[in-house]
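Protein chains: 2
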Amino acid sequence: MKENRLVKETEDLACGARVIHEDIVELVARDMPEKTLLEGLASFFKVFGDPTRIAILMALSKEEMCVCDLCALLDMKQSAVSHQLKTLKQSRVVRSRRAGKVMYYSLDDDHIDSVLHIGIQHIREETTEHRLL
Amino acid sequence: MKENRLVKETEDLACGARVIHEDIVELVARDMPEKTLLEGLASFFKVFGDPTRIAILMALSKEEMCVCDLCALLDMKQSAVSHQLKTLKQSRVVRSRRAGKVMYYSLDDDHIDSVLHIGIQHIREETTEHRLL
DNA sequence: TTAACAAATGATCATTTGTTCATATGTATA
DNA sequence: TATACATATGAACAAATGATCATTTGTTAA
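Listed in order, the protein sequences are those of chains A and B.
Counting along the first sequence from 1, when you hit position 131 you're at 131 in our numbering, and nothing is skipped either side.
Counting along the second sequence from 1, when you hit position 52 you're at 52 in our numbering, and nothing is skipped either side.
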């Protein structure tokens, strides 16, 4: 039976599941990124997962802006904006520069803009597909 | 005073903040995406903000895989994997196809792979910069 | 139809997250 | 130095999230 070559009954896995395609699992396992990279990626993207932060990023993708201007633009408390900017900065998504009392924020590098635009493209194509189907 | 042209003292904003660069705020406000798009983007990216889901996506970026193989690869309970796959599918990040009892999952489109790779690039350059500074 | 199994789902619970309030820093200027 | 202002930060709390357990749904083959 050639099926036996592919199917391995392993009741003793921690997850309690059987492996159906042992070969593929091993192949994929071989070049899975390290846990550190997976976590790094997750916390990088997590930052994009909030509407307020996305709004901030879209704004900064147009212009460098200071905290209180962002407050006005988003109609949000200064504290809330500052907290979010801190999150964004810690993840190196945004950089800041001081000019007297004013702190100016801008996107850290071009990757940020790229990520945003791919997201927008993905969403637009989704809604387009709906029309086609 | 030319400063007065730029500075507008608006104590009556909901956010209680003053606008320092009124012109920039208005400029940026003009082509801010709609709230719907901002929320769409956020929930799209939110999906990338978890190590387990990133692991699943990295795996699927190599090979189409079924649920129990993912369980084995990630050493996770079938239920946990299924729940995450549901999340991924609802956000149209992943698609599924049934073959008998087995459900095969794969990335929804090329955007997903692009997003992942930009993330990886961003992280790599970060660590490179550290060495240079 | 029944047994076996792959996958999905609902409820639960500990943990994380985002906002708010109150307050603290840091900077410029009177 | 004292005051005003731009921003940052800590504590608190409601809301969202992810894993787990138990159970259900859907599919195949005996």
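Note that CB positions come from ideal geometry on N, CA and C, so glycine has one too.
Report yes if the C-beta distance between GLN84/B and ILE118/B is below 8 Å; otherwise report no. Locating residue 84/B in the second sequence gives position 84, where the first residue counts as 1. Locating residue 118/B in the second sequence gives position 118, where the first residue counts as 1. No, the Cβ-Cβ distance between GLN84/B and ILE118/B is not below 8 Å.
Problem set entry | CB contact check: ILE24/A to chain B, cutoff 8 Å | Here residue 24/A refers to the residue found at position 24 when the first sequence is read from its first residue. With 8 Å as the cut-off, ILE24/A counts as an interface residue toward chain B.
> Does DSSP classify VAL102/B as helix, strand or coil?
Replying inline: As a working note, residue 102/B is residue 102 in the second sequence. Here VAL102/B sits in strand by DSSP.
Exercise. Measuring CB to CB, does CYS68/A end up less than 8 Å from ARG18/B?
Worked result: For this step, residue 68/A is matched to residue 68 along the first sequence. For this step, residue 18/B is matched to residue 18 along the second sequence. Taking 8 Å as the Cβ cut-off, CYS68/A and ARG18/B qualify as a contacting pair.
Checklist entry - Quick one: which chain B residues come within Cβ less than 8 Å of GLU63/A? => result Residue mapping note: residue 63/A aligns to position 63 of the first sequence, counting from 1. Result: ILE24, LEU27 and VAL28.
Check: Does any CB atom of chain B fall closer than 8 Å to the CB of MET103/A?
Finding: Locating residue 103/A in the first sequence gives position 103, where the first residue counts as 1. Answer no: the Cβ-Cβ gap between MET103/A and chain B never drops below 8 Å.
My parser needs the alpha helix (DSSP H) runs of 4 or more residues fully inside the segment 32-71 of chain B; what are they?
35-46 and 51-62
Quiz item: Would DSSP call VAL28/A helix, strand or coil?
Solution: Position 28 of the first sequence, counted from the start, is the residue given in the question as residue 28/A. In the structure shown, VAL28/A sits in a helix (DSSP, three-state: H, G or I).
- Query: Any C-beta of chain B sitting closer than 8 Å to the C-beta of VAL19/A?
  - Reply: Here the question's residue 19/A lines up with position 19 in the first sequence. True, the Cβ-Cβ gap to chain B drops below 8 Å.
- [ ] Return yes when the Cβ of MET58/A is within less than 8 Å of the Cβ of LEU107/A, no when it is not.
- [x] For this step, residue 107/A is matched to residue 107 along the first sequence. For this step, residue 58/A is matched to residue 58 along the first sequence. No, these two residues do not count as a Cβ contact at 8 Å.
**Minimum Cβ-Cβ distance from GLU39/A to chain B less than 8 Å** = For the purposes of this step, residue 39/A is taken as residue 39 along the first sequence, with counting starting at 1. So yes, GLU39/A belongs to the interface.
* Asked: With a cut-off of 8 Å, does the C-beta of GLY135/A fall near any C-beta of chain B?
  -> Residue 135/A lies beyond the residue range present for chain A, which begins at 1 and ends at 133; the question has no answer from this structure.
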